[in-house]
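Convert by adding 227 to the 1-based position in the sequence shown; the result is the number in the working numbering. Each residue gets a CB set at the ideal place from its N, CA and C atoms; glycine is no exception. Quick caveat: nothing in here was measured; it's all calculated off a predicted structure. First comes the structure, then the notes that go with it.
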Amino acid sequence: MDMVLDSDQLEAHADTVGKKAINLARLKALGCTVPPFVVIPTSVVSTLDAKKLDKLVKHILERLRADTFAVRSAALIEDDAEHSFAGQFLTHVDVKPHDIGMRISEVIEHARAYLKGDLAKCSIIVQEYIRADFSGVAFTRHPGNKRQMLVEYHQGIGEDLVSGKIKPESIEWYWNEPLPRHQLPLKDILPVFQKIERACEHPQDIEWCLQNGQWYLLQARPITTISKEQYQGLLYLDQALPSGNPFLYEQTTISEIAPRPTPFTLSILKRLYADNGPIQRVYQKYGVTFEARDFLRIIGNQLYVDREQELHTLLPSYSYFRKPTSATPTRSTMKGFWRSWQNTAALGKIAIRDVDAFVTSVKNELKQIPDSSDLSEIWPAFSHCYELIFEINLLAEISVRRLDAILKPYGKTAIQILSTSLRETFFSPKADAPPKGWIGNGLEIANTDAFMTRTPTYADDPEMISWWNALPEWRKTFLRPFLEKAVACDHLRERGRWLTVGYINALRRAIGTSSYFSTIEELENGHVSKTEVTERRKQHAQYSHWSFPPRLSNLPESVRREKPQGISSGTTEGVLVSREQLDKKKDPRCILYTEMLTPDLVQYFDYIVGIVSSQGGILSHLAILAREQHIPVVTNVDILKEHISIGDQIRIDGDSGKISVL
228 MDMVLDSDQL EAHADTVGKK AINLARLKAL GCTVPPFVVI PTSVVSTLDA KKLDKLVKHI
288 LERLRADTFA VRSAALIEDD AEHSFAGQFL THVDVKPHDI GMRISEVIEH ARAYLKGDLA
348 KCSIIVQEYI RADFSGVAFT RHPGNKRQML VEYHQGIGED LVSGKIKPES IEWYWNEPLP
408 RHQLPLKDIL PVFQKIERAC EHPQDIEWCL QNGQWYLLQA RPITTISKEQ YQGLLYLDQA
468 LPSGNPFLYE QTTISEIAPR PTPFTLSILK RLYADNGPIQ RVYQKYGVTF EARDFLRIIG
528 NQLYVDREQE LHTLLPSYSY FRKPTSATPT RSTMKGFWRS WQNTAALGKI AIRDVDAFVT
588 SVKNELKQIP DSSDLSEIWP AFSHCYELIF EINLLAEISV RRLDAILKPY GKTAIQILST
648 SLRETFFSPK ADAPPKGWIG NGLEIANTDA FMTRTPTYAD DPEMISWWNA LPEWRKTFLR
708 PFLEKAVACD HLRERGRWLT VGYINALRRA IGTSSYFSTI EELENGHVSK TEVTERRKQH
768 AQYSHWSFPP RLSNLPESVR REKPQGISSG TTEGVLVSRE QLDKKKDPRC ILYTEMLTPD
828 LVQYFDYIVG IVSSQGGILS HLAILAREQH IPVVTNVDIL KEHISIGDQI RIDGDSGKIS
888 VL
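Structure, rendered in structure tokens:
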């Protein structure tokens, strides 16, 4: 075998060169511009001595005609599909010809230490060094399992960038969108990055540089944080999501109660939000004009809310797209201004007046859930009852938001009240016996998990109790109504979930398990196609192994994401684990990571000390249950941006939302 191998020789000697070298040869074969390089195989590296080194350098300089070189490891364990070992081996750049031998020796010695002497696992790449005008890294898919391409770059050589010494500029681009305008000639290279991903059949991390308008690709490796299954999901999203016009789909509190709705559940949801439905009737009660719109979206089999269409049900003159870098909507047109203004004023006046009346109504409704198996009897009763459920949810959201605003001057938050035993000072209802024999935990008709509820055991917080006791009586008198309403609504919201689950049990009894993939309209009319139902069931199952990001959009996501928020008080430490890991092995010192706060997660409460979630709000049912069991919860967490990973030992603060790696 030659002491050095050219790119066209690597395939025949694949067992003696690293994946980094193989990937470079693949780039060259795809027609990409790659600086000339040779590879020193493992058989030469492992037996290299001073005499052979001189001969090796001579061979290299005969093959490569360049002023300066890059010398880098290409260990056999680097850059495979599961582990990259990025930055773990030594690289030298801007190497003069007379220094090549010394730099090769240094790379070998570094590899010897890392590989514990096993140099049979180390090959070396020697490549022409390009003194770049711009350098960067292209992730053909965002490493956080997101569908957009992420390009990071800076002006100058690439070593400072990949070593983390500087903060790069970044560009995000969605594959099904027009190419962005930029100071870099991206239109020349973005299609090349796409071509590489398609050829490799997996997202790639591509190191590049730009010199005098010419793009050079320096290396490529698989993005190991995205599995093959996740990649297939991203390809599906490229086809399923709109292109051209802006859109913003999110999994909201609506998604939490039915994250993967069957057709029957989806048809129920649409009726609840339809003209003259219970939600419209509640808004009318408070002088708010609700315009029914179709804002529910099914992507795969997951439920998303079209936030722009949802916004226009109440505020038609506002838009998320007027200032896409903002997390809140702004007025974008005069059309619908008067209704938007009236609704804003009416919403500002909504408040819970009689807590006891709501408590009594909920208790009575729980007793009146029909025993019937007649759909024509159960649905009207549920539609009527859902007015109470939605009214409680609306009042809870408003009450907690107002309490947060009132407590801000005191340096306190609603979470600190709702999560601790101090809440019992303001509202302490008699314990209700949870219903027996129910299944499911939300609106999904097909969910057959055991109905989960816990007896509240709120934690004592001496600091909060001391704060309250130290307040003068006039301040307590001012604050007490806000505190009482927020705590009462927090309690009532969970009882509203009980009502929902109770009626879903009644509907399940009425329609039978074979009708989950029919719509309520089809069942009422008696026009159910078995062929269509079978096809729907098949399609629903087809997408069940995919879990898409909680936010799907072509807006600048990096700006829109809110900062982590604590929604259940307390500080705790533990190993961050996924739901799949927890299903396999229960460890009582784990912190659960989940995309969404769904009520069924309560089944893990005995095995976890905290929860970290991508999505979820202070009034999600799971957050309420977590506060009752004093389990800290932090939401709005992008684990990539917070620099945490599954398996890390972390500390979370359910008050401040702070997360730190230990």
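| Query | Result |
| --- | --- |
| Proximity of A293 and K348 at Cβ, strictly below 7 Å | no |
| T821 vs R806 beta-carbon contact at 7 Å | yes |
| Euclidean distance between Cα positions of D281 and N372 | 47 Å |
| Separation of L445 from I433, as counted between CA atoms | 8 Å |
| Within the segment 444-483, ranges of the beta strand (DSSP E) (whole runs, at least 3 residues) | 475-477 |
| Three or more C-beta pairs below 8 Å linking the segment 827-835 and the segment 777-784 | no |
| Residue from M561, K590, W606 whose Cα sits closest to the Cα of R736 | W606 |
| Exposed unless 16 or more other CB atoms sit within 10 angstroms - verdict on W565 | exposed |
| Minimum C-alpha distance to H611 - residue among D521, K712, V509 | V509 |
| Span separating the alpha-carbon of A256 from that of H772 | 35 Å |
| Span separating the alpha-carbon of Y770 from that of Q808 | 21 Å |
| Given 8 Å, three or more beta-carbon pairs between the segment 648-659 and the segment 461-478 | no |
| Every unbroken alpha helix (DSSP H) within the segment 537-611, with a cutoff of 4 residues, ordered by chain | 564-576, 582-594 |
| Contact the segment 487-507 vs the segment 745-755: 3+ CB pairs below 8 Å | yes |
| N-terminal and C-terminal residue of the beta strand (DSSP E) that G723 is part of | Note, G723: premise wrong, no beta strand (DSSP E); alpha helix (DSSP H) at 700-738. |
| Sequence-distant residues of the same chain with beta carbon closer than 6 Å to H848, five excluded per side | R724, P826 |
| Proximity winner among I453, I838, P370, relative to I858 (alpha-carbon distances) | I838 |
| S796 beta carbon less than 7 Å from that of D882 | yes |
| Straight-line Cα distance separating D880 from A686 | 15 Å |
| Enclosing alpha helix (DSSP H) for M230 [first to last residue] | Note, M230: premise wrong, no alpha helix (DSSP H); not H, not E. |
| Rounded straight-line distance, which links the Cα of T540 to that of L670 | 22 Å |
| Whole-number beta carbon distance between Q354 and P473, since they are thought to touch under 8 Å | Rounded, the Cβ-Cβ distance is 42 Å, inconsistent with contact. |
| Whole-Å CB distance - L251 paired with V261, under 8 Å assumed | 6 Å |
| Q529 versus I484, A519, V419, T555, residue with shortest Cα-Cα distance | I484 |
| Length at least 3, wholly inside the segment 853-878: the beta strand (DSSP E) runs in chain order | 860-862 |
| Where the beta strand (DSSP E) containing S887 begins and where it ends | 886-888 |
| Contact set for F775: own chain, Cβ-Cβ below 8 Å, skip 5 residues either direction | G460, L464, I526, G527, Q529 |
| Residues bridged to S362 [DSSP beta-bridge criterion] | H381, C436 |
| Stretch pair the segment 674-690 + the segment 650-665: three plus CB contacts closer than 8 Å | yes |
| Backbone CA spacing between I877 and L828 [nearest angstrom] | 20 Å |
| Those residues which DSSP pairs with W695 across a bridge | Bridge partners of W695: none, in fact. |
| H325 burial status per 10 Å Cβ neighbour count (16 or more: buried) | exposed |
| As assigned by DSSP and simplified to three states, the class of C427 | helix |
| Y500 versus P490 - alpha carbon distance | 16 Å |
| Proximity below 7 Å, CB of L475 to CB of E535 | yes |
| Cut-off 8 Å between Cβ atoms - residues of its own chain near P661, not counting five sequence neighbours on either side | F678, T680, W725 |
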